[in-house]
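Q:
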Amino acid sequence: MKHKKFVKLLEFIGPILVKILMGTLRIMEYRKDILLQAKKQHGTVIYAFWHNRMLIPAYTHINQNVHVLISQHRDGEIIARIIGKLGFFSIRGSSRRGGLKALKEAIDVMERFDVAITPDGPTGPKETAKEGILYLAYKTGKPIIPGIFLIKNKWELNSWDNFQIPKPFSPVKMIYGNPIFVKEKGELPDKLSELQYEFERYC
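Under the numbering used here, the first residue of the sequence shown is numbered -11, with each subsequent residue one higher.
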């Protein structure tokens, strides 16, 4: 009962705090033409960003009907409820639980909507891409667009991913990486390295 009340409280106050805090940030976008060109050619895209930076895209992509892959863990339920109030939709599942069902749902969704995935989630290792996102790109033919978020002033939580909370009025660089396509299964190891490189080359 206490947990349910806590979740309800976070569901109510979480979106408010995100809007207030994120609204103070100085977010500078770079290479947005990469995203716009990909959407023009392919209709929808697969957003990729590290698990510990999710607060930024939760604000910058508010009310865009993006469908986010979220684990079925209890913490995932809290995240799903908060982002639902920000205009996102949830696809529940991960490599450990409900992964196949989630993949099928994501494939269907991508006919109309963008999908967002944290390629190092839900349990890490931190900032290390895993292959799950590449299978979605392979099955749909859609491009993966890496989102790199560099927060100058921040707090870091003592969690597996060192979750980052921007300090008020902090400058933030929002960079779109080069699109990544997966045409054959045999490409997966090389494409995984390519995805990792896109995240690391701007840091």
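By construction, the Cβ of each residue, glycine as well, lies at the ideal position given by its N, Cα and C atoms. Here the structure is a predicted model, which means the values were calculated and not measured.
(1) Could you check the C-alpha separation between Thr12 and Leu176 for me, to the nearest Å?
(2) With respect to the alpha helix (DSSP H) encompassing His55, which residues constitute its N-terminal and C-terminal limits?
(3) Taking 6 Å as the limit between beta carbons, can you name the residues of its chain near Phe76, skipping five residues before and five after?
(4) For Gln152, which beta-bridge partners are listed by DSSP?
(5) Are the beta-carbon atoms of Pro154 and Leu74 separated by less than 8 Å?
(6) Distance, Cα to Cα, Gln152 vs His39?
(7) Does DSSP classify Gly11 as helix, strand or coil?
(8) When the Cα of Val170 is compared with those of Leu145, Ile139, Leu122 and Glu182, which residue comes out closest?
(9) Classify Val160 as helix, strand or coil using the three-state DSSP reduction.
(10) By the DSSP assignment, the beta strand (DSSP E) with Leu74 in it spans what residues?
(11) Does the stretch 105 to 123 come into contact with the stretch 23 to 41, if we say contact requires no fewer than three beta-carbon pairs (one atom in each stretch) closer than 8 Å?
(12) Just confirm the distance between the C-beta atoms of Ile136 and Val160, as a whole number of angstroms; I'd bet it's less than 8 Å.
A: Based on what the coordinates show:
(1) So the alpha carbons of these two residues sit roughly 39 Å apart.
(2) Taken as a continuous stretch (DSSP letters only), His55 belongs to no alpha helix (DSSP H), being part of the beta strand (DSSP E) at His55 to Ile58.
(3) In chain order, Val54 and Val56 place their CB closer than 6 Å to the CB of Phe76, counting only its own chain and leaving out the 5 sequence neighbours on each side.
(4) In the DSSP assignment, Gln152 is bridged to Glu144.
(5) At least 8 Å separates the beta-carbon of Pro154 from that of Leu74.
(6) Inter-residue distance for Gln152 and His39 is about 9 Å (C-alpha atoms, whole angstroms).
(7) Residue state, collapsed to three classes: helix.
(8) Distances from the alpha-carbon of Val170 to those of Leu145, Ile139, Leu122 and Glu182 put Leu122 closest.
(9) Here DSSP, grouped into helix, strand and coil, assigns Val160 to strand.
(10) Note, Leu74: premise wrong, no beta strand (DSSP E); not H, not E.
(11) In short, these stretches touch, since the Cβ pair count reaches three.
(12) Contact doesn't hold; Cβ gap of about 11 Å is too wide.
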